[in-house]
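Shown next, in structure tokens, is the structure this report addresses.
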Amino acid sequence: MAATADRGFRLAAPVATVLIVGCVLPLAVLFVYSFFRVDFVAIVHDPSFKNYVRVANSPTYRGLIGQAILSGGIVAAVTAVIGYPVAWAIAKRVVFAKSACLTLLLIPLYTGDLVRIFAWRVVLGAEGVVNSFLMWTGLVREPIRALLFSPFATHVVLTYDYLPFMVMGLWLAFESLDDRLLEAARDLGARETAIFLRIVLPLTSPGLVAGALMVFVLVVGDHLTPQLVGGSSGITVISAINDLFGTAFDWPLGSAIASSLLLILGLMVTVAALAVARSTWGRAVLGGE
Amino acid sequence: MTPDMRRRDLLKSVLAGAALTTLGGRAAQAAETIGWMTWENLAKDDYLAALIEKTGIKIDKTFIGTDDEQFAKLRAGGASSVDLITPGLDKVEFYVASNLLQPIDLAKVPNAAKLYDTFKATNLGKKDGKTYGIPFYWGINPIVYRADLMDKEPDWSVFFEGDKYKGKLAMRDYALEGIMIAAMYLGIPKDKMFDLDDKQLAEVKKALIAQKKLLRTYWSSIGDLTNLFATGEVVCAFSWVPPYYDLTARGLKMGMAKPKAGVIGWCDTIAIPAGVTGARLDATLKLVDYLLGPDYGKKLAYGGPYAQSTSSVRDDLPAEQQEKIFIKDLSVMNSFVWKANPPRYTEWVALWNEVKAS
Numbered sequence: 001m002a003a004t005a006d007r008g009f010r011l012a013a014p015v016a017t018v019l020i021v022g023c024v025l026p027l028a029v030l031f032v033y034s035f036f037r038v039d040f041v042a043i044v045h046d047p048s049f050k051n052y053v054r055v056a057n058s059p060t061y062r063g064l065i066g067q068a069i070l071s072g073g074i075v076a077a078v079t080a081v082i083g084y085p086v087a088w089a090i091a092k093r094v095v096f097a098k099s100a101c102l103t104l105l106l107i108p109l110y111t112g113d114l115v116r117i118f119a120w121r122v123v124l125g126a127e128g129v130v131n132s133f134l135m136w137t138g139l140v141r142e143p144i145r146a147l148l149f150s151p152f153a154t155h156v157v158l159t160y161d162y163l164p165f166m167v168m169g170l171w172l173a174f175e176s177l178d179d180r181l182l183e184a185a186r187d188l189g190a191r192e193t194a195i196f197l198r199i200v201l202p203l204t205s206p207g208l209v210a211g212a213l214m215v216f217v218l219v220v221g222d223h224l225t226p227q228l229v230g231g232s233s234g235i236t237v238i239s240a241i242n243d244l245f246g247t248a249f250d251w252p253l254g255s256a257i258a259s260s261l262l263l264i265l266g267l268m269v270t271v272a273a274l275a276v277a278r279s280t281w282g283r284a285v286l287g288g289e
Numbered sequence: 001m002t003p004d005m006r007r008r009d010l011l012k013s014v015l016a017g018a019a020l021t022t023l024g025g026r027a028a029q030a031a032e033t034i035g036w037m038t039w040e041n042l043a044k045d046d047y048l049a050a051l052i053e054k055t056g057i058k059i060d061k062t063f064i065g066t067d068d069e070q071f072a073k074l075r076a077g078g079a080s081s082v083d084l085i086t087p088g089l090d091k092v093e094f095y096v097a098s099n100l101l102q103p104i105d106l107a108k109v110p111n112a113a114k115l116y117d118t119f120k121a122t123n124l125g126k127k128d129g130k131t132y133g134i135p136f137y138w139g140i141n142p143i144v145y146r147a148d149l150m151d152k153e154p155d156w157s158v159f160f161e162g163d164k165y166k167g168k169l170a171m172r173d174y175a176l177e178g179i180m181i182a183a184m185y186l187g188i189p190k191d192k193m194f195d196l197d198d199k200q201l202a203e204v205k206k207a208l209i210a211q212k213k214l215l216r217t218y219w220s221s222i223g224d225l226t227n228l229f230a231t232g233e234v235v236c237a238f239s240w241v242p243p244y245y246d247l248t249a250r251g252l253k254m255g256m257a258k259p260k261a262g263v264i265g266w267c268d269t270i271a272i273p274a275g276v277t278g279a280r281l282d283a284t285l286k287l288v289d290y291l292l293g294p295d296y297g298k299k300l301a302y303g304g305p306y307a308q309s310t311s312s313v314r315d316d317l318p319a320e321q322q323e324k325i326f327i328k329d330l331s332v333m334n335s336f337v338w339k340a341n342p343p344r345y346t347e348w349v350a351l352w353n354e355v356k357a358s
């Protein structure tokens with residue numbers, strides 16, 4: 001056993017090293033910088049909590065962090081609602097073309113962010129597909145300009161972009177769901193609602209939680225989509241950090257906002273994980289009870 | 001001769017040869033190959049062909065995507081591998097403050113004498129009377145508009161007043177220029193523009209929040225803005241020049257306005273990193289002089305099309321081309337507002353973000 005464990009550590013060492021050097025170390029440097037201050041182009045190594053106080057006192061940065069979390073939550077919820085039946089259908093109803101369905105689902109991801117964003121502009125623009133159709137049918141006389149360059153457009157595109165991540169997580173959960181449990185429940189007289197709430201939902205919840213977390217984190221970190229389809233409301237906390245690191249050369253304040261965001265996200269994930277682990281169904285799934 | 005001896009001899013010969021090649025190569029390189037960190041469109045082979053033919057100097061190009069990237073590279077120790085860089089006129093002081101540049105001996109750059117007066121007079125790019133960044137090429141960032149969809153030539157007020165074009169305007173997503181435009185609209189004098197006090201910043205913020213309600217979007221890539229003009233999403237924007245020429249060439253009736261209240265001028269400089277000395281410095285100065293001279297100027301005037309900061313080629317260009325690069329009527333320079341670094345720039349960026357998040 002000890003030899004196997006040793007071999008496991010040795011095999012994991014390269015990946016662990018890459019993670020530490022490529023991810024943890026830069027984040028640690030970012031965190032240390034957040035306590036410094038900037039004097040023109042010089043970073044003054046004079047540690048204080050001033051940057052964090054500025055973030056806490058700024059309605060703008062607080063609001064942007066809140067907005068990122070809200071957007072992440074909304075898109076995670078919408079993708080869950082849309083993705084749940086899709087994942088169920090692929091796992092339980094499609095027999096022959098299962099891999100084709102999954103590939104179809106992933107095709108948008110092969111095209112790259114920008115292509116997807118510009119395709120949506122063609123669909124939602126003033127002279128786009130939707131507006132042209134609405135005007136052709138006579139339902140509207142003027143194009144609905146709020147379809148594009150609005151928070152609505154941002155959330156539509158984000159939902160489309162990240163739906164595959166939700167479906168993939170859920171699909172795996174549905175694949176491992178034993179249909180005999182459902183049959184047994186039906187035989188014992190359970191209603192469909194009870195079967196869904198007491199068997200299907202708890203047993204697919206690991207996929208739901210994994211998909212939701214993935215979508216949530218990706219949405220919080222996406223600044224390109226809001227920038228290109230969100231119009232004048234397209235600012236995100238990430239683009240604000242980018243401004244501070246770039247033109248303003250205020251790396252410490254940018255680092256403080258980034259670290260605050262990371263801390264809040266970390267806390268939210270921990271609380272969510274604890275809540276799941278403490279719930280009855282969470283214990284059932286994780287603990288095998 | 002034993003096999004061992006033969007091996008030793010062979011090894012010696014190879015090592016000696018390698019050493020000679022390395023030393024010889026480096027010596028030759030030092031005399032003739034210079035590294036230029038610049039924008040891709042400024043270092044096309046045919047732009048530099050005349051210099052290479054005349055002097056034998058070879059140019060090793062490194063391309064940059066943003067000025068910030070160039071600064072970051074130099075700060076991270078990249079200065080040792082490059083002999084000439086291309087910072088924006090307003091950014092030179094960052095490099096000087098970081099001790100990354102050396103003063104340029106203008107006596108060794110004869111074409112510098114032909115700099116337009118506005119570039120000779122500016123304090124940007126200089127410190128303690130010494131020039132660290134020589135203005136190299138320049139242009140303006142005007143208002144570009146769809147002349148077929150607007151009644152008259154706009155000025156800055158179109159971005160702040162009325163609602164005729166509400167939802168059809170765009171502004172660049174850049175705090176510095178956004179606040180400069182608001183300051184020009186509010187009538188704040190050019191010489192006070194970068195030292196706004198709290199009251200002025202509050203007025204600017206109020207104007208920018210009013211502006212946001214009129215905007216379709218903030219643009220961040222010029223290709224994207226061109227696209228927005230073409231699809232009619234945007235009819236008027238604070239822009240760069242390319243959409244005007246690109247869309248005119250595609251048959252759209254475009255207009256370009258240069259408001260009397262002030263036009264934002266941009267200018268890039270050429271600057272020499274602190275560690276460049278000896279033969280490499282001499283060769284670099286030859287390149288600097290060439291970049292300010294007529295051969296390069298002509299290529300840039302047609303190829304860019306951009307204007308050099310010197311008058312080297314002006315009189316050889318037809319009036320139409322002069323017009324295209326804004327050097328036919330040099331009085332346009334009187335309304336120029338050069339970008340500079342506001343001492344409270346972090347607050348400017350915070351204000352810009354507050355406006356966008358409002």
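Note that the protein sequences, when read in sequence, are chains A and B. Be aware that the first sequence starts at 1, since it is given in this note's numbering, and climbs by one per residue. Be aware that the second sequence starts at 1, since it is given in this note's numbering, and climbs by one per residue. Glycine residues also receive a C-beta, built at the ideal position from the N, C-alpha and C atoms.
Can you look up residue i in the DSSP assignment and give me helix, strand or coil?
i: threonine 204 of chain A; result: helix
i: leucine 310 of chain B; result: Leucine is not the amino acid found at residue 310 of chain B; the sequence shown has threonine there. Strand at threonine 310 of chain B.
i: methionine 168 of chain A; result: helix
i: threonine 217 of chain B; result: strand
i: methionine 333 of chain B; result: helix
i: threonine 62 of chain B; result: strand
i: threonine 33 of chain B; result: strand
i: isoleucine 77 of chain A; result: Sequence check: residue 77 of chain A is alanine here, not isoleucine. Residue state, collapsed to three classes: helix.
i: glycine 78 of chain B; result: helix
i: aspartate 39 of chain A; result: strand
i: alanine 257 of chain B; result: strand
i: glycine 25 of chain B; result: At glycine 25 of chain B, the pLDDT of 41 sits below 50, so the modelled position is not reliable; the number obtained from the coordinates is stated separately. It is helical.
i: valine 276 of chain A; result: helix
i: arginine 141 of chain A; result: coil
i: tyrosine 345 of chain B; result: helix
i: valine 294 of chain A; result: Residue 294 of chain A lies beyond the range of chain A shown here (1 to 289); nothing can be said about it.
i: arginine 7 of chain B; result: Any reading at arginine 7 of chain B must be qualified, since the residue scores a pLDDT of 48, below 50, and its modelled position is unreliable; the value itself is stated next. Three-state result, arginine 7 of chain B: helix.
i: leucine 267 of chain A; result: helix
i: leucine 115 of chain B; result: strand
i: leucine 20 of chain B; result: Only weak support exists for where leucine 20 of chain B lies, its pLDDT of 42 falling under 50; the value from the coordinates is given anyway. If DSSP states are grouped into helix, strand and coil, leucine 20 of chain B belongs with the helices.
i: arginine 198 of chain A; result: helix
i: lysine 299 of chain B; result: helix
Hey, residue i and residue j are a contact pair by Cβ (cut 8 Å); roughly how many whole angstroms apart?
i: serine 335 of chain B; j: valine 263 of chain B; result: 5 Å
i: phenylalanine 133 of chain A; j: threonine 217 of chain B; result: Not a contact, Cβ separation roughly 23 Å.
i: threonine 86 of chain B; j: tryptophan 39 of chain B; result: 6 Å
i: tyrosine 95 of chain B; j: alanine 271 of chain B; result: 7 Å
i: tryptophan 219 of chain B; j: asparagine 141 of chain B; result: Their Cβ separation, rounded to whole angstroms, is 12 Å, which puts tryptophan 219 of chain B and asparagine 141 of chain B out of contact at 8 Å.
i: aspartate 67 of chain B; j: proline 273 of chain B; result: Their Cβ separation, rounded to whole angstroms, is 15 Å, which puts aspartate 67 of chain B and proline 273 of chain B out of contact at 8 Å.
i: valine 75 of chain A; j: threonine 159 of chain A; result: 5 Å
Using the DSSP secondary-structure output, state which residues sit across from residue i in a beta bridge.
i: leucine 169 of chain B; result: B/Leu215, B/Cys236
i: lysine 130 of chain B; result: B/Lys127
i: threonine 38 of chain B; result: B/Phe63
i: proline 135 of chain B; result: B/Thr269
i: glycine 371 of chain B; result: This structure does not reach residue 371 of chain B, given that chain B is present from 1 up to 358, and the question cannot be answered.
i: arginine 146 of chain B; result: B/Met254
i: asparagine 141 of chain B; result: B/Ile264
i: leucine 101 of chain B; result: B/Pro273
i: tryptophan 338 of chain B; result: B/Gly265
Item to complete: Assess, as a yes-or-no matter, whether the segment 174-181 of chain A is touched by the segment 130-146 of chain A under the definition of 3 or more beta carbon pairs within less than 8 Å.
Response: For the pair of segments examined, the segment 130-146 of chain A was found not to touch the segment 174-181 of chain A: the number of CB pairs separated by less than 8 Å stays below three.
Worksheet item: If we count Cβ pairs, one from each stretch, closer than 8 Å, do we get three or more for the segment 88-107 of chain B versus the segment 192-201 of chain B?
Response: Flag = no, the segment 88-107 of chain B and the segment 192-201 of chain B do not touch.
Worksheet item: At a Cβ cut of 9 Å, what residues of the segment 62-74 of chain A count as close to chain B, listed as they run along the chain?
Response: Hits within the stretch, in order: Gly63, Leu64, Gln67.
Worksheet entry | Interface positions of the segment 239-268 of chain A facing chain B (Cβ-Cβ less than 9 Å), listed along the chain | Residues Ser239, Ala240, Asp243, Leu244, Phe245, Gly246, Thr247, Ala248, Phe249, Asp250, Leu253.
Item to complete: Return the residues of the segment 132-150 of chain A that lie within a Cβ-Cβ distance of less than 8 Å from chain B, sorted by chain order.
Response: Correct list: Arg145, Leu148, Phe149.
Worksheet entry | Contact residues within the segment 67-97 of chain B, judged by C-beta distance below 7 Å to chain A | For the segment 67-97 of chain B, which is checked against every Cβ of chain A, the residues closer than 7 Å are Asp68, Phe94, Ala97.
Practice prompt. Would you be able to state if there are at least three C-beta pairs under 8 Å between the segment 226-237 of chain B and the segment 306-320 of chain B?
Written response: They do not touch, by the three-pair rule.
Worksheet item: Going along the chain, which residues of the segment 153-168 of chain B sit with their C-beta nearer than 8 Å to a C-beta in chain A?
Response: Cβ contacts with chain A come from Gly167.
Worksheet item: Should the segment 268-278 of chain A be regarded as contacting the segment 246-260 of chain A, the criterion being three or more beta carbon pairs within less than 8 Å?
Response: Contact between the segment 268-278 of chain A and the segment 246-260 of chain A is absent, because fewer than three Cβ pairs lie under 8 Å.
Fill in: Three CB pairs or more closer than 8 Å across the segment 125-132 of chain B and the segment 150-164 of chain B
The way I'd put it, the segment 125-132 of chain B doesn't touch the segment 150-164 of chain B; fewer than three beta-carbon pairs between them come closer than 8 Å.
Discussion item. Does the segment 313-333 of chain B come into contact with the segment 215-229 of chain A, if we say contact requires no fewer than three beta-carbon pairs (one atom in each stretch) closer than 8 Å?
Written reply: No contact exists between the segment 313-333 of chain B and the segment 215-229 of chain A.
Worksheet item: Which residues, taken in chain order from the segment 26-43 of chain A, show a beta carbon closer than 7 Å to some beta carbon of chain B?
Response: Along the segment 26-43 of chain A, going in chain order, the ones with a CB nearer than 7 Å to a CB of chain B are Phe40, Val41.
Fill in: Interface residues of the segment 225-259 of chain B facing chain A [CB-CB below 7 Å]
For the segment 225-259 of chain B, the residues whose beta carbon sits under 7 Å from a beta carbon of chain A are, in order, Thr231, Gly232, Glu233.
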